[in-house]
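Written below as structure tokens is the structure these notes are about.
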DNA sequence: TTGAAAGCGCTAACAT
DNA sequence: ATGTTAGCGCTTTCAA
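Chains as they are written, first to last, in the working numbering: chain A, 1 to 345; chain B, 1001 to 1345.
Structure (structure tokens):
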């Protein structure tokens, strides 16, 4: 097929040994400057590229990192992947992306697949369905580098990178309260996820601060994270069939937010007249929505970058690491029209 | 770090030679059934996984394919990548994704990078800036497998997968005409891209069919493909400053469509009152826009799948291939409110 | 039916 | 300063 030059080819062409060529190419000191120059020039001429596979075999490293996310076609994750790729690329790693589609079984299969491909480390954002994290625990204890981002496993003591979900949720809820709303619902995904619990905590804390009673029936969980419209529609119906129906809602998920809006639209209701909305989303087109969406936006790109930096640092560390950190990045509240700052009558 | 069992470990544990173990694992015939069973059971027990790197080195194949696209965080490409991954995964290939951000220099660097990684083949969608396709021509002539999708290089005789851009553009334009519009503009990206030319042709053909004069000033090119708002705003201004300003527009790009709408909004105009819009986009949230967008949607997932199938077939073909095909998949016109079917007043 | 050995591209310890 | 050799994990001739 498509064959490139090897060290052997160069050695033969120049009448040298492979090790001399290798040394010249790697800038070793124990080599004559003329030989070095000769080799370097020839290598340049024939456009020599070291074979990364041979290097991997030698070094026992694949120079690849595995990524586990729920969905690529999701604005948050596509931006995070962008951040991941940017760092990985510059550090000479390539990235293998796998999708769980929010299924725990799929997630386990993906991790297996990545391990069998001998990735050097794992960047993981848990699926909504995942409860059993013992495989990760096991890998981590064996010294295998894992960094969690966004949907992290709190029980595992390794590097983690997240947005400040508590604070983001708090600000979103407080915005609604300060705009005059008191009957505020909360739509979130699986309770398995720490991000869901953090956001719920931010939500309740804001209510408490402003002396608004917390109503458990105002909180709905969609365990498929907005992947299926029906689940969200059912939640909407339950919310609206209550005696004191909510006037505003804080939604704690990217896909969940867009699916909720689609559901509201389908049921013939209007935002913000029927319900004011603040959602967690990283969609680049949220301002084009009807109405333009008030959102909590996460620094997805930076989260991807930071997680990758930490992972590569762990992979390349000479000595075992015992000190792990949890990086928490600030969210941004973007005011638009789905949550009017002055509640209409 | 994290070490898995090798054939050598198994051989030692069982008192066999590595070749015997290898044969057992690969279901060779020249092996005793008891030995085979013994090996298989032990391998199962210790959860043996062949080292793909060693295999790659042996077979001179990396089992990876390189992907060149302009942007991952673009609904069309994220869906196409989904299709690519689904096929690649099932065929034992992994996928390395690179982004050009519409820069020809970046594209060249990415191809170099992928080649140095010894990918077995390339899946390419050209950047808007690319004019020099000789590197691809060269690789192709050397027998290196390349499949183009979406933004193809017509000059190169290899497999190609595209949507029926001519037909999609024709239908979109005809919809506007049949709704009562006659002053129809066209916004498209770089003329370098065949898809731009195809869509322009579909546009003009629809005008011609309905005896509407083609006005060159109604056609605007944005060479950055909607990546920069300013470029699109300039095009909007030029369009609207004409004596007979257009009443409708057909937009031939994903990012271009959303950026155009953002631009219109920023300039304080209304869709469809100031201008009716039909755009090429695969956004999953186009129906949530204000107004819900009438769109031409491409089968991005299938395009990704088909391209990958063709590529893997080419890679795994024993004999050189001389017959190449261009697969053309139908687009879908989705009627919503940005292009009312009865033109107002 | 099984084993020994070579080789894929590269590096590094060990000669010279 | 340069060459020889072994070895990373695996397959595959060649020999037995």
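Beta carbons: idealized from backbone N, C-alpha and C, even for Gly.
At the level of alpha carbons, what is the spacing between residue i and residue j?
i                       : j                       : result
residue 397 of chain A  : residue 203 of chain A  : Coverage of chain A is limited to positions 1 through 345, which leaves residue 397 of chain A absent and any answer about it impossible.
residue 277 of chain A  : residue 338 of chain A  : 5 angstroms
residue 189 of chain A  : residue 153 of chain A  : 16 angstroms
residue 1197 of chain B : residue 1048 of chain B : 53 angstroms
residue 36 of chain A   : residue 25 of chain A   : 8 angstroms
residue 1065 of chain B : residue 331 of chain A  : 36 angstroms
residue 138 of chain A  : residue 1157 of chain B : 51 angstroms
residue 1043 of chain B : residue 1016 of chain B : 13 angstroms
residue 99 of chain A   : residue 1250 of chain B : 35 angstroms
residue 1014 of chain B : residue 1054 of chain B : 22 angstroms
residue 142 of chain A  : residue 183 of chain A  : 49 angstroms
residue 12 of chain A   : residue 31 of chain A   : 18 angstroms
residue 342 of chain A  : residue 201 of chain A  : 25 angstroms
residue 175 of chain A  : residue 248 of chain A  : 11 angstroms
residue 222 of chain A  : residue 303 of chain A  : 25 angstroms
residue 1056 of chain B : residue 146 of chain A  : 25 angstroms
residue 210 of chain A  : residue 1309 of chain B : 58 angstroms
residue 1173 of chain B : residue 1272 of chain B : 15 angstroms
residue 4 of chain A    : residue 1109 of chain B : 17 angstroms
residue 218 of chain A  : residue 246 of chain A  : 7 angstroms
residue 270 of chain A  : residue 1113 of chain B : 50 angstroms
residue 397 of chain A  : residue 299 of chain A  : The first residue shown for chain A is 1 and the last is 345, placing residue 397 of chain A beyond what the model contains.
residue 21 of chain A   : residue 1144 of chain B : 27 angstroms
residue 1214 of chain B : residue 1318 of chain B : 51 angstroms
residue 1010 of chain B : residue 1023 of chain B : 12 angstroms
residue 287 of chain A  : residue 279 of chain A  : 12 angstroms
residue 1094 of chain B : residue 236 of chain A  : 40 angstroms
residue 132 of chain A  : residue 232 of chain A  : 25 angstroms
residue 33 of chain A   : residue 19 of chain A   : 15 angstroms
Looking at C-alpha atoms only, which residue of the options is the closest neighbour of residue i?
i                       : options                           : result
residue 1118 of chain B : A/122, A/51, A/166 and A/188      : A/51
residue 1301 of chain B : B/1096, B/1084 and B/1186         : B/1084
residue 1242 of chain B : B/1206, B/1216, B/1319 and B/1228 : B/1216
residue 72 of chain A   : B/1063, B/1057, B/1018 and B/1097 : B/1097
residue 229 of chain A  : A/258, A/6 and A/279              : A/258
residue 958 of chain B  : B/1068, B/1091 and B/1268         : Within the shown structure, residues of chain B are numbered from 1001 to 1345, placing residue 958 of chain B beyond reach of any answer.
residue 1315 of chain B : B/1092, B/1293, B/1027 and B/1281 : B/1092
residue 191 of chain A  : A/144, A/116 and A/220            : A/220
residue 1195 of chain B : B/1224, B/1184 and B/1163         : B/1163
residue 267 of chain A  : A/172, A/308 and A/240            : A/240
residue 274 of chain A  : A/340, A/214 and A/305            : A/340
residue 1076 of chain B : B/1149, B/1005 and B/1167         : B/1149
residue 1284 of chain B : B/1269, B/1079 and B/1306         : B/1079
residue 1177 of chain B : B/1193, B/1166 and B/1212         : B/1212
residue 115 of chain A  : A/63, A/329, A/281 and A/27       : A/63
residue 1151 of chain B : B/1144, B/1180 and B/1102         : B/1102
residue 262 of chain A  : B/1290, B/1280, B/1231 and B/1262 : B/1290
residue 1040 of chain B : B/1007, B/1087, B/1311 and B/1286 : B/1007
residue 1324 of chain B : B/1333, B/1058, B/1286 and B/1313 : B/1313
residue 1090 of chain B : B/1305, B/1180 and B/1321         : B/1305
residue 128 of chain A  : A/227, A/321, A/179 and A/111     : A/227
residue 166 of chain A  : A/199, A/260, A/106 and A/322     : A/199
residue 1070 of chain B : B/1333, B/1322, B/1018 and B/1106 : B/1106
Compute the beta-carbon to beta-carbon distance between residue i and residue j, rounded to the nearest angstrom, for a pair I have assumed lies under 8 angstroms.
i                       : j                       : result
residue 234 of chain A  : residue 186 of chain A  : The Cβ separation is near 16 angstroms, so there is no contact.
residue 134 of chain A  : residue 104 of chain A  : So it is not a contact: roughly 12 angstroms between Cβ atoms.
residue 120 of chain A  : residue 61 of chain A   : 5 angstroms
residue 255 of chain A  : residue 74 of chain A   : 6 angstroms
residue 170 of chain A  : residue 208 of chain A  : No, residue 170 of chain A and residue 208 of chain A are not in contact; Cβ-Cβ is about 10 angstroms, not under 8 angstroms.
residue 1293 of chain B : residue 1224 of chain B : With a Cβ gap of about 21 angstroms, residue 1293 of chain B and residue 1224 of chain B do not count as contacting.
residue 1123 of chain B : residue 1307 of chain B : 6 angstroms
Problem - Complete beta strand (DSSP E) runs within the segment 1073–1142 of chain B (minimum length 3 residues, chain order) - result: Taking 3 residues as the minimum length, the beta strand (DSSP E) runs contained wholly in the segment 1073–1142 of chain B are 1094–1099 and 1121–1124, in order along the chain.
Problem - Residues of the segment 1241–1260 of chain B with Cβ closer than 8 angstroms to any Cβ of chain A, in chain order - result: Residues of the segment 1241–1260 of chain B whose Cβ lies closer than 8 angstroms to any Cβ of chain A, in chain order: 1258.
Problem - Interface residues of the segment 1068–1085 of chain B facing chain A [CB-CB below 8 angstroms] - result: For chain A, the residues of the segment 1068–1085 of chain B that bring a beta carbon within less than 8 angstroms of one of its beta carbons are 1072, 1073, 1075, 1078, 1079, 1081, 1082 and 1085, in chain order.
Problem - Interfacial residues, the segment 36–64 of chain A to chain B, with Cβ spacing under 7 angstroms - result: Correct list: 49, 51, 52, 53, 54, 56, 57 and 62.
Practice task
Quick one: which residues of the segment 265–291 of chain A get their C-beta closer than 8 angstroms to a C-beta of chain B? List them in chain order.
Solution key: Flagged, chain order: 265, 283, 284, 285, 287, 288, 289, 290 and 291.
Problem - In chain order, each beta strand (DSSP E) run of at least 3 residues that lies wholly inside the segment 180–224 of chain A - result: Restricted to the segment 180–224 of chain A, the beta strand (DSSP E) segments that are unbroken, complete and at least 3 residues in length are 184–189 and 219–222, listed in chain order.
Exercise for the section: Just list the alpha helix (DSSP H) runs in the segment 1005–1037 of chain B, keeping only unbroken ones of 4 residues or longer that don't cross its boundaries, in chain order. Expected result: Those alpha helix (DSSP H) runs which fall completely within the segment 1005–1037 of chain B and span 4+ residues are 1007–1014 and 1018–1025.
Problem - Any alpha helix (DSSP H) of 4 or more consecutive residues that is wholly inside the segment 1222–1272 of chain B - result: The segment 1222–1272 of chain B contains, as complete alpha helix (DSSP H) runs of 4+ residues, the segments 1229–1240 and 1254–1266 (chain order).
Practice task
Residues of the segment 15–31 of chain A with a CB closer than 9 angstroms to any CB of chain B: list them in chain order, please.
Solution key: Answer set for the segment 15–31 of chain A: empty.
Exercise for the section: For the segment 1091–1108 of chain B, enumerate the residues whose C-beta is nearer than 9 angstroms to any C-beta of chain A, in chain order. Expected result: Listed by position along the chain: 1094, 1095, 1096, 1097, 1098 and 1099.
Practice task
Closer than 9 angstroms, Cβ to Cβ, to anything on chain B: give me those residues from the segment 323–337 of chain A, in chain order.
Solution key: Residues passing the 9 angstroms Cβ filter: none.
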